[in-house]
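First residue of the sequence shown? That's 3 in my numbering, and the numbers climb one at a time after it.
Using N, Cα and C, we set each Cβ at its ideal position, and we do this for glycine too.
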Amino acid sequence: MPSKDSAHITAQTALTPALKAWESFLYDQGRSPNTVKAFLSDVRLLTQFLPPDRVIGAITTKDLNRFFEWMEKERDVPCSPKTLARRITATKSFFRWLSQYGVLVTDPAEKVLQRSAISPLPQVLTDDEVNAALTAADRHRRAQKPDARSFALLHLLLTTGIKKSECLGIHLNHVEIDAPDGPYVFIRYSSPANRYKERKLPLTEDWIPAYQEYLAQYQPTDQLFPWSPRRLEYLLEDIGEEAGLSKHLSFDMCRWTCILRDFQSGMEPDKVRQKMGVSKIQWREIHFKLKQLSEG
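Written out as structure tokens, the structure is:
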């Protein structure tokens with residue numbers, strides 16, 4: 003059954019008005035303005051490649067494969083693998099919509115191969131490097147003027163694998179150290195769209211003394227680490243340098259180190275995914291990288 007957006011277009015409609023109808027449909031589906039803009043700009047490139055009089059019903063799978071080949075190898079503007087993969091996804095979505103609502107009898111994009119854009123493998127810490135970094139941070143706890151902040155931060159990241167934004171979003175009432183099943187931190191999101199990422203992550207008992215020392219020293223009132231992202235990044239960088247690491251210690255490195263250690267310890271892959279707070283689609287690439295890192 004045609005949607006109200008597709009009802010006035012046919013196989014004889016040109017690409018540009020068909021894209022306008024698709025734009026209305028995407029907004030009706032509640033897509034964000036940024037998503038709609040990105041989808042349209044990707045598919046609109048077809049108008050640069052195809053003859054201006056080509057109607058949507060005359061576009062073939064061969065046309066689309068040639069289009070992506072042109073974009074990848076012949077167009078003046080460079081196209082990264084990630085961008086190409088996104089543009090294929092957008093184009094498939096457009097033609098699937100035309101097909102589902104009966105504008106086209108067959109979907110010419112259905113047999114276009116989806117390309118996956120696998121980004122480079124992340125850097126992780128070895129066990130020796132983890133120990134060196136934690137030892138360097140622990141020295142600050144035991145200095146003449148004790149400072150537990152670096153150790154509390156680093157240990158938390160290496161235990162939970164949380165992202166920088168999640169770390170910054172932790173409030174004191176999200177940390178529970180006296181729970182019957184053991185201490186945990188609750189990762190929360192303000193946006194309902196991200197509720198699926200919310201999760202309870204267990205903490206280790208040896209983190210608790212450093213956490214309590216940190217609270218006594220800095221007395222935060224709401225946010226667990228009430229500093230700018232850059233300030234916390236500098237803290238990690240300083241610890242990495244003090245530990246003699248050749249790698250640039252970062253939130254992302256701690257996250258990948260944590261989940262790789264979990265993966266290698268035999269934790270079920272889906273439990274690793276849930277701990278990371280990622281979707282099953284995102285997990286495909288992450289799982290692939292974890293297997294590569296384990297074999298490396």
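- Scanning the stretch 103-163 for uninterrupted alpha helix (DSSP H) segments of 4 residues or longer gives 129-143 and 151-162, listed from N- to C-terminal end.
- Rounded to the nearest angstrom, the gap between the Cα atoms of residue 62 and residue 196 is 38 Å.
- With a cutoff of 7 Å on beta-carbon distance, residue 166 and residue 231 are scored as near each other.
- Looking only at 234, 171 and 227, the smallest Cα-Cα distance to residue 200 is reached by 171.
- In this structure, DSSP gives residue 79 a state outside helix and strand, which the three-state scheme calls coil.
- Residue 97 is positioned such that its CB atom lies closer than 7 Å to that of residue 110.
- The straight-line gap separating the alpha-carbon atoms of residue 39 and residue 225 is approximately 35 Å.
- For residue 186, there is no enclosing alpha helix (DSSP H); the residue is found in the beta strand (DSSP E) stretching over 186-189.
- Membership of residue 204 in the beta strand (DSSP E) is indicated by the continuous run 201-204.
- Closest option to residue 202, judged by alpha-carbon separation, among 184, 55 and 289: 184.
- Residue pairing by DSSP places residue 266 in no beta bridge whatsoever.
- If the five residues before and after residue 168 are omitted, its C-beta is found closer than 7 Å to the C-beta atoms of 189, all from its own chain and listed in chain order.
- In terms of Cβ geometry, residue 105 and residue 241 do not form a close pair [threshold 7 Å].
- Cβ neighbours of residue 131 within its own chain (closer than 8 Å, five residues either side excluded): 245, 247 and 249.
- In this structure, the CA atom of residue 13 is about 8 Å from the CA atom of residue 60.
- A contact between stretches requires three or more CB pairs, one per stretch, nearer than 8 Å, and the stretch 147-159 meets this requirement with the stretch 213-223.
- Using a 10 angstroms sphere on the CB of residue 218, the tally of other CB atoms stays under 16, which defines it as exposed.
- About 14 Å separates the beta carbons of residue 25 and residue 48, which is beyond the 8 Å limit, so they are not a contact pair.
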